[in-house]
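Asker: Quick note on numbering: our numbering labels position 85 of the sequence shown as 597, and the sequence is numbered without any gaps. Ideal Cβ positions, reconstructed from N, Cα and C, are used throughout, including at glycine.
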Amino acid sequence: MDARIWMFLFGLLFTTGFANAAGIYRWTDDKGVVHFTDSPPAAGDAPILDSDAYSPARKPGIRSGEKALHRQALAREAQARKAKAAANQTWLKAREKRAAECRSTDRALDRLRRSSSEIRDQEQRLLKRRRALRCMGPR
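1. Identify the residues that DSSP records as bridge partners of residue 548: which are they?
2. Whole angstroms are fine: how far does the CA of residue 607 sit from the CA of residue 643?
3. Can you round the beta-carbon distance between residue 546 and residue 538 to whole angstroms, since I take them to be within the 8 Å contact cut?
4. Rounded to the nearest angstrom, what separates residue 599 and residue 585 at their Cα positions?
5. In this structure, does DSSP put residue 592 in helix, strand or coil?
6. In this structure, how does DSSP classify residue 646 when only helix, strand and coil are distinguished?
7. If you reduce the DSSP assignment to three classes, tell me which class residue 609 lands in.
8. Can you grab the Cα-Cα spacing for the pair residue 604 / residue 595, in whole Å?
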């Protein structure tokens, strides 16, 4: 590019920075009409406003009422998450308790089956012995 074009672009960039740095004045005239200008009024007693606060190019934000609604919605969501987590925790504890009870029941059944088997074996040995002894009477 030509050096003149670069100089023009640099000058344009430089001057727009100063234009943005100018303050905005708010003043009221004798008739009570409010004016906003980038140059101070003749009286010179107008305050300089924060130009960023009144810029039309400002990103759209959430209004205070919407912020309150948004905060309430976030609070409800957080409460729902906590309730769901508590319900999940309760469900997990109940599942663990059922699993422990099932394991305990299975162990008791195994003991009972072993003891029943042992009782049957002992009964068979005693009946065999009784036959060998040729015991008389009922049995």
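Answerer: Based on what the coordinates show:
1. Under DSSP, the beta-bridge partners assigned to residue 548 are 538.
2. 53 Å
3. 7 Å
4. 21 Å
5. helix
6. coil
7. Residue 609 carries a helical assignment under DSSP once its states are collapsed to helix, strand and coil.
8. 14 Å
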